[in-house]
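Asks: 32 is the number of the first residue of the sequence shown in the numbering used here; add one for each residue after it. Where is the CB? At the ideal position from N, CA and C, for every residue including glycine.
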Amino acid sequence: MYIIRRIMKKMVKIQNSVIVTTSLLLVILSTILIVQVEPETFATYFDGFWWVMTTVTTVGYGDLSPITFGGRLIALFLYLFGIGIIGVVIGKVVDGLASFRQRREEGQIMYKDKHHYVIIGWSQKAKFAIKEMLETMKEIEIIIIDDLEKAPMLAENIHYIKGNASERNTLEKANITEAKAVLVFSDDSIKDDQLSDGKTLLVASAIESIASHVHTIVEVMDENHIKNFEYMNVDEFIHSNETISSLFVRSAFRKGISSVYSQLLSRSHGDDLYLIPTFPKWKTYRDAFNELLELGATLIADHNNLSINRMLDEPLPKDAELYVVCNQETHKQLIKISKTKH
Numbered sequence: 032m033y034i035i036r037r038i039m040k041k042m043v044k045i046q047n048s049v050i051v052t053t054s055l056l057l058v059i060l061s062t063i064l065i066v067q068v069e070p071e072t073f074a075t076y077f078d079g080f081w082w083v084m085t086t087v088t089t090v091g092y093g094d095l096s097p098i099t100f101g102g103r104l105i106a107l108f109l110y111l112f113g114i115g116i117i118g119v120v121i122g123k124v125v126d127g128l129a130s131f132r133q134r135r136e137e138g139q140i141m142y143k144d145k146h147h148y149v150i151i152g153w154s155q156k157a158k159f160a161i162k163e164m165l166e167t168m169k170e171i172e173i174i175i176i177d178d179l180e181k182a183p184m185l186a187e188n189i190h191y192i193k194g195n196a197s198e199r200n201t202l203e204k205a206n207i208t209e210a211k212a213v214l215v216f217s218d219d220s221i222k223d224d225q226l227s228d229g230k231t232l233l234v235a236s237a238i239e240s241i242a243s244h245v246h247t248i249v250e251v252m253d254e255n256h257i258k259n260f261e262y263m264n265v266d267e268f269i270h271s272n273e274t275i276s277s278l279f280v281r282s283a284f285r286k287g288i289s290s291v292y293s294q295l296l297s298r299s300h301g302d303d304l305y306l307i308p309t310f311p312k313w314k315t316y317r318d319a320f321n322e323l324l325e326l327g328a329t330l331i332a333d334h335n336n337l338s339i340n341r342m343l344d345e346p347l348p349k350d351a352e353l354y355v356v357c358n359q360e361t362h363k364q365l366i367k368i369s370k371t372k373h
């Protein structure tokens, strides 16, 4: 037993590819040998394979067993070496899965897919953003970048990359050049708006240097700093302090108005704001407005233009980006109709 333990310890140190190859050869050769040596008991190679696998995995159903001297010698060999080798393989598989899980939790695995969304900077705002994104599109892939020791959130389609987001290596691990959009949240741990925006600007500049084509949205704490982000060609800005303050004031002057904003900004209940495709037969905004109204949706904007009701008779541009207010069922119906129209 001492010799066998020594052999097993040395096998653990052998490369995985060698262990797996050896195991496969052991199973194949044992299957062929047992059928050749004892064809009366093992009529087919599948019978031989079945017996070899139940032996080396210590299941031992007993439905098949060798009765000749040669067959029993093969069985003894499998008892002494086969079970040990397969045990090492199973152990390495388990260790590999555990190592993969640990590396994933620690944010050490590079992301290689495309059309994903990258969220930089973990906070409650980032958590709510992910919740909203998943409610909008359940199948999207999301990458979180932060320097936390372990992933703040993990799921089949939520991944974590640990590192400094202003460093090229970290952004490349998130495959940012193939991302669909990047959301950069301000660091809540920094109380000084100037320092906070300075860190965000550093991250934005790193993104633009390697992935200027990717749509980038950043949270800006001080409105005066927006011009600096515009210089970096950042696509969109969310002025956090101004948005919250404006909502507070509007709620104070008109009770209940905050629930209207909440409903438009959340997928969780009621009507929502949706982007819809244009129908070929629409020639003017009025055509679109009237048909959408009949279907239960209200046209309110083209891109960021909210004056649709004052331009109904104007021709509808080919690059129109129409937004409507409706419920989820109506939106699905509009998407379905648009597919049949094209």
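Is there a C-beta anywhere in chain C that falls below 7 Å from the one on residue 343?
Replies: No chain C is present in this structure, which holds just one protein chain.
Asks: Using the DSSP secondary-structure output, state which residues sit across from residue 322 in a beta bridge.
Replies: For residue 322, which the question treats as bridged, DSSP gives no partner whatsoever.
Asks: For residue 212, does the three-state DSSP call read helix, strand or coil?
Replies: Strand, per DSSP.
Asks: Give the straight-line distance between the Cα atoms of residue 179 and residue 343, rounded to the nearest whole angstrom.
Replies: Their backbone Cα atoms lie some 51 Å apart in a straight line.
Asks: Given this structure, state the Cα-to-Cα distance separating residue 70 from residue 78, to the nearest angstrom.
Replies: Cα to Cα, residue 70 sits roughly 10 Å from residue 78.
Asks: Cα separation between residue 271 and residue 214?
Replies: Those two C-alpha atoms are separated by around 13 Å.
Asks: Where residue 208 and residue 218 are concerned, what is the direct C-alpha to C-alpha distance, given to the nearest angstrom?
Replies: Spanning the two alpha carbons is a distance of roughly 23 Å.
Asks: Name the DSSP beta bridge partners of residue 248, please?
Replies: Note: residue 248 sits in a beta bridge opposite 214, 267.
Asks: From the DSSP secondary-structure annotation, give me the bridge partner or partners of residue 329.
Replies: Residue 329 is bridged to 356.
Asks: Can you tell me whether residue 186 is helix, strand or coil according to DSSP?
Replies: Residue 186: strand per DSSP, three-state reduction.
Asks: For the alpha helix (DSSP H) holding residue 126, just list the boundary residues, first then last.
Replies: Taken as a continuous stretch (DSSP letters only), the alpha helix (DSSP H) holding residue 126 covers 114-136.
Asks: Within 10 angstroms of its Cβ, does residue 148 collect 16 or more other Cβ (buried), or is it exposed?
Replies: Buried: at least 16 other Cβ atoms inside 10 Å.
Asks: Residue 221 by DSSP, collapsed to three states: which one?
Replies: Here residue 221 sits in coil by DSSP.
Asks: In the structure shown, what three-state DSSP assignment does residue 26 receive?
Replies: A question about residue 26 goes unanswered here, because the residues of the chain that appear run from 32 up to 373.
Asks: For residue 303, name the three-state secondary structure that DSSP assigns.
Replies: If DSSP states are grouped into helix, strand and coil, residue 303 belongs with the strands.
Asks: Do residue 88 and residue 374 come within 7 Å of each other at the CB atom, strictly closer than that value?
Replies: No answer is possible for residue 374: the residues shown for the chain start at 32 and end at 373.
Asks: Where residue 225 and residue 191 are concerned, what is the direct C-alpha to C-alpha distance, given to the nearest angstrom?
Replies: Rounded to whole angstroms, residue 225 to residue 191 spans 28 Å at the Cα level.
Asks: CB-CB under 6 Å to residue 142, same chain, minus the five flanking residues each way: which ones, in chain order?
Replies: 174, 190, 205, 206.
Asks: Tell me whether residue 305 is buried or exposed, calling it buried when 16 or more other Cβ atoms sit within 10 Å of its Cβ.
Replies: Residue 305 comes out buried.
Asks: Under the DSSP definition of a beta bridge, which residues are partnered with residue 149?
Replies: Answer by DSSP bridge pairing, in chain order: 174, 213.
Asks: With a threshold of 16 other CB atoms inside 10 Å of the CB of residue 355, please say whether the residue is buried or exposed.
Replies: Label assigned to residue 355: buried.
Asks: Below 8 Å, can you find three or more Cβ-Cβ pairs linking the segment 101-108 to the segment 153-161?
Replies: Judged by Cβ distances under 8 Å, the segment 101-108 makes no contact with the segment 153-161, as fewer than three pairs qualify.
Asks: Span of the alpha helix (DSSP H) holding residue 101?
Replies: Note, residue 101: alpha helix (DSSP H), 100-108.
Asks: If the criterion is Cβ atoms closer than 7 Å, does the pair residue 140 and residue 132 meet it?
Replies: No, the Cβ-Cβ distance between residue 140 and residue 132 is not below 7 Å.
Asks: Would you say residue 136 and residue 182 are within 7 Å of each other, going by their C-beta atoms?
Replies: Yes. Within cutoff.
Asks: Out of 94, 61, 144, 91, which has the shortest C-alpha to C-alpha gap to residue 104?
Replies: That would be 61, whose Cα lies nearest to the Cα of residue 104.
Asks: Between residue 366 and the rest of its own chain, which residues show a CB-CB distance below 8 Å, the 5 nearest in sequence each way excluded?
Replies: If we look at residue 366 and ignore the five residues flanking it on each side, its Cβ neighbours are 307, 308.
Asks: For the alpha helix (DSSP H) holding residue 155, just list the boundary residues, first then last.
Replies: Taken as a continuous stretch (DSSP letters only), the alpha helix (DSSP H) holding residue 155 covers 155-167.
Asks: How is residue 191 classed by DSSP in three states: helix, strand or coil?
Replies: DSSP places residue 191 in strand when its eight states are reduced to three.
Asks: If you drop the 5 nearest sequence neighbours on each side, which residues of the same chain put their C-beta closer than 7 Å to that of residue 313?
Replies: The answer, listed in chain order, is 319, 347.
Asks: Please go through the same chain and pick out, in chain order, the residues whose beta-carbon is closer than 6 Å to the beta-carbon of residue 157, but skip the five residues on each side of it.
Replies: Only 150, 216 meet the Cβ criterion.
Asks: Can you give the beta carbon distance from residue 259 to residue 243, rounded, assuming they're within the 8 Å contact cut?
Replies: About 16 Å separates the two Cβ atoms, so there is no contact after all.
Asks: Using only the alpha-carbon positions, how far apart do residue 100 and residue 115 sit?
Replies: One C-alpha to the other measures close to 23 Å.
Asks: Between the alpha carbons of residue 360 and residue 326, how many angstroms are there, rounded?
Replies: Approximately 11 Å, taken between the alpha carbons.
Asks: Closest to residue 122 by CA distance: which of 146, 172, 50, 66 is it?
Replies: For residue 122, the nearest C-alpha among the options comes from 50.
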